[in-house]
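Participant: Residue numbers (our numbering), protein chains in the order written: chain A, 144 to 269; chain B, 144 to 269.
1) With three or more C-beta pairs closer than 8 angstroms as the rule, is the stretch 233-247 of chain B touching the stretch 180-200 of chain B?
2) What residues in the stretch 219-251 of chain A have a beta carbon less than 8 angstroms from any beta carbon of chain B?
3) Excluding the 5 residues flanking residue 208 of chain B on each side, which residues of the same chain have their C-beta closer than 7 angstroms to its C-beta?
4) From residue 263 of chain A to residue 212 of chain A, what distance separates their C-alpha atoms?
5) Looking at chain B, which residues of the stretch 191-221 of chain A have a Cβ within less than 8 angstroms of any of its Cβ atoms?
6) Measure how close the beta-carbons of residue 222 of chain B and residue 249 of chain A come, nearest whole angstrom, since I'm counting them as under 8 angstroms.
7) So that I know if they touch, is there some Cβ in chain B lying closer than 9 angstroms to that of residue 260 of chain A?
8) Cβ-heavy atom distance between residue 247 of chain A and the ligand ADP below 8 angstroms?
9) Shortest alpha-carbon distance to residue 162 of chain A belongs to which of B:216, B:261, B:265 and B:252?
10) Among the candidates A:196, A:181 and A:198, whose CA atom is the shortest distance from the CA of residue 218 of chain A?
11) Let's test the definition: count the other Cβ atoms within 10 Å of the Cβ of residue 214 of chain A and tell me whether it reaches 16, buried, or not, exposed.
12) Could you name the residues of the same chain whose beta carbon sits closer than 6 angstroms to that of residue 229 of chain B, not counting the 5 residues immediately before and after it, in chain order?
13) Assign residue 206 of chain A to one of three DSSP states: helix, strand, or coil.
14) In terms of DSSP beta bridges, what is residue 223 of chain A paired with?
15) Check the Cβ of residue 179 of chain A against every Cβ in chain B and list those closer than 7 angstroms, keeping chain order.
16) Mapping the DSSP letters down to three states, classify residue 243 of chain B as helix, strand or coil.
17) Taking the alpha-carbon positions, what's the residue 245 of chain B to residue 166 of chain A distance?
18) Tell me where the alpha helix (DSSP H) around residue 199 of chain B begins and ends.
19) Can you tell me whether residue 247 of chain A is buried or exposed? The criterion is at least 16 other CB atoms within 10 Å of its CB, across all chains shown.
20) According to DSSP, simplified to helix, strand and coil, what is residue 176 of chain A?
Now the structure itself:
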């Protein structure tokens with residue numbers, strides 16, 4: 144009988160790795176959070192600017208997602224008491240701490256996309 | 144009227160960032176893919192080993208997710224024609240290319256969890 148490497152991931156060890164990764168994924172996954180964060184990474188925005196900039200997002204979703212992101216301290220909402228009142232959204236310093244995560248996801252996603260395409264075309268990448 | 148930084152994320156520029164990130168998230172998100180990958184990162188496994196090791200996963204889900212991961216070239220299924228036949232799953236080299244992504248997600252998730260907890264307890268982290 145073939146021997147399989149007997150190392151097993153201890154349950155506690157596994158969970159210790161899995162839980163924070165799930166936390167991070169919960170915050171980033173879904174259709175809109177990343178587009179919003181990426182849009183704000185280009186500069187502060189008003190609600191209407193983001194609504195125009197992010198394809199297909201509804202006002203209702205944008206408003207909900209902004210509240211979630213604010214609760215998670217990633218986005219800041221500032222009311223300028225000018226006339227007319229201007230409400231401005233910005234990425235917090237803490238939101239910028241996601242840069243490395245987003246960049247890793249992006250470069251891996253790009254490489255993966257290329258690999259799958261070359262595989263579909265019958266090429267054999269080395 | 145308050146002037147807001149007029150830089151806008153051009154639609155094409157935004158999409159260029161968003162699409163690969165979404166690809167990566169599609170592959171990693173959900174309840175089971177990461178537990179499976181993390182379990183295999185500790186060593187090669189048989190189906191029954193993973194089924195025992197990953198809390199609450201059903202055989203049906205494990206089988207489905209393993210097929211998906213195999214299709215995405217992240218996991219390899221090897222049949223050893225011994226008696227009895229042994230089917231072994233392993234992480235591919237390509238699967239290991241996810242290490243950096245997983246580590247970034249993990250360290251960010253850990254920091255985030257701490258920040259949210261200290262916020263809930265009324266502390267003000269510097």
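Beta carbons: idealized from backbone N, C-alpha and C, even for Gly.
Facilitator: On the basis of the supplied data:
1) yes
2) 223, 225, 226, 227, 229, 231, 237, 240, 241, 243, 244, 245, 247, 248, 249, 250 and 251
3) 175, 176 and 179
4) 37 angstroms
5) 192, 196, 197, 198, 215 and 216
6) With a Cβ gap of about 36 angstroms, residue 222 of chain B and residue 249 of chain A do not count as contacting.
7) no
8) In the structure shown, the ligand ADP is absent, as is every other ligand, since no ligand is present at all.
9) B:252
10) A:181
11) exposed
12) 223
13) helix
14) A:229
15) The contacting residues do not exist; residue 179 of chain A stays about 10 angstroms from chain B at best.
16) helix
17) 12 angstroms
18) Taken as a continuous stretch (DSSP letters only), residue 199 of chain B belongs to no alpha helix (DSSP H), as it is neither H nor E.
19) buried
20) helix
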